[in-house]
Amino acid sequence: MKEKLIIIGSGPAGLTAAIYAARANLEPFIFEGFQAGGIPGGQLMITTVIENFPGFPDGITGPELMANMREQAIRHGARMIVDDVLETDCSARPFTLLSANGETFTADALIIASGAVARRLPLDSEVRLWGHGISACATCDGSLPVFRNRELAVIGGGDTAIEEALHLTQFASKVYLIHRRGELRASRVMQKRAKTNPKIEILWNKVVEEFAGDKMLSGLRLRDTVTGESSVLPMAGAFEAIGHVPNTAFLKGALELNILGYIVTRPGSTATSVAGVFAAGDVQDHKYRQAVTAAASGCMAAKEAEMWLRDQGFEG
Ligand SMILES: Cc1cc2nc3c(=O)[nH]c(=O)nc-3n(C[C@H](O)[C@H](O)[C@H](O)COP(=O)(O)OP(=O)(O)OC[C@H]3O[C@@H](n4cnc5c(N)ncnc54)[C@H](O)[C@@H]3O)c2cc1C
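FYI, in numbering that gives the first Met the number 0 the residues of the sequence shown are 0 to 315.
Following this line, the structure appears as structure tokens:
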């Protein structure tokens, strides 16, 4: 099937791009995803209330926000399919995509908004208590009433883990930084900030063996990787900061990626290494990773795709 513009992903980035592109008469066709990199609607589908997306003073649930964005895109003429993209060929125009259903699609322009997936600890207790005291985003969930003036843990040892721990010190009575090694991976300056913050205590050489709690997290069972001893530490909240995996496997050499697998975009733009291919949201942003920044870059991608198509002589 031949399309003018195909958008890959239906998170905040993909659906915002869809709204803008549809209103510019580009008749966008959206791969909502299926199971290759999360689910249709993206990462916000697995969270409860969003308190920091502008326009919702009382907050809004993630699934409700995404349903609204989807409805808005469809109302303006966007077309959608629940399917994954398996392969992409950007070596010639029109660009070619192979879907998981085995169909081939071509497009004059592409917006890739396939997001990223937060790495999670492979424990049954983690799955059971996910969203009930366990989160992968302190910026998103740290200020919730349930975590205020309580003892919280951040699991990880990189810059992101320390950012999360520092952020939590504004709300928590104490923050434990749980790290499996005897030294942090984070930059020197971040290490210093963590080590000198009176609210942060670093627990070295510890791995989480189990998240304890019935309906809500109540503690962590930690194993010391040097002595092998286990102990339980009471805890009201745990934030996993063990990295994200960008959903770029279906690109396989089609575009320039950075060392972590994120799509490289030109500074201040959503343009990628291939003219006519734009990238928006978490798949090209490992710094901010927020719904509003993803949505904003989705808007940029749609506007840049519109200008690019016009310059190529494809009228909107
Ligand atoms: C638990 C949790 C809570 C969060 N809470 C907040 C919050 O309160 N506030 C906030 O601002 N941010 C929050 N975030 C972060 C926010 O969800 C992300 O920054 C945002 O969703 C990124 O949007 P995106 O559109 O770039 O990607 P995603 O939301 O990751 O969407 C990616 C889309 O691409 C699709 N896809 C992936 N691979 C393929 C493929 N091969 N083919 C086709 N489609 C594909 C997926 O199905 C999905 O539809 C939270 C994240 C998590 C995990």
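We treat Cβ as the ideally placed atom computed from N, Cα and C, and that holds for glycine.
heavy atom of ligand 1 below 6 Å from residue i C-beta
i	result
Gly114	yes
Leu216	no
Asn51	yes
Asn226	In the sequence as presented, Asn is not what sits at residue 226; that position holds Thr. No, the beta carbon of Thr226 sits no closer than 6 Å to any heavy atom of ligand 1.
Asp88	no
Arg288	yes
Val81	no
Pro11	yes
Thr247	no
Ala30	Per the sequence presented here, residue 30 reads as Phe, with Ala not at that position. Yes; taking the cut-off as 6 Å, the Cβ of Phe30 has a heavy atom of ligand 1 nearer than that.
Cys136	yes
Asp281	yes
Gln42	yes
Val273	no
Ala35	yes
Cys298	no
Val84	yes
Thr46	yes
Per-residue DSSP class, three states only, for residue i
i	result
Val263	coil
Leu14	helix
Asp310	helix
Arg187	helix
Met126	The question names Met, but residue 126 is Val in the sequence shown. If DSSP states are grouped into helix, strand and coil, Val126 belongs with the helices.
Val116	strand
Lys3	strand
Ser9	coil
Pro245	strand
Ile258	coil
Ser296	helix
Phe28	strand
Ala237	strand
Leu143	coil
Ala301	helix
With 16 other Cβ atoms within 10 Å as the buried cut-off, status of residue i
i	result
Met189	buried
Ser172	exposed
Ser9	buried
Asn148	exposed
Glu263	As written in the sequence, residue 263 is Val, which differs from the Glu given in the question. It is exposed - the Cβ of Val263 has fewer than 16 other Cβ atoms within 10 Å.
Tyr287	exposed
Asp83	buried
Thr271	buried
Asp213	exposed
Where are the beta strand (DSSP E) runs, 3 residues long or more, that stay fully inside the segment 65 to 107, in chain order? 78 to 80, 84 to 88 and 94 to 98
Curious, which full-length beta strand (DSSP E) runs of at least 3 residues does the segment 169 to 232 contain? 173 to 177, 199 to 202, 205 to 211 and 218 to 223
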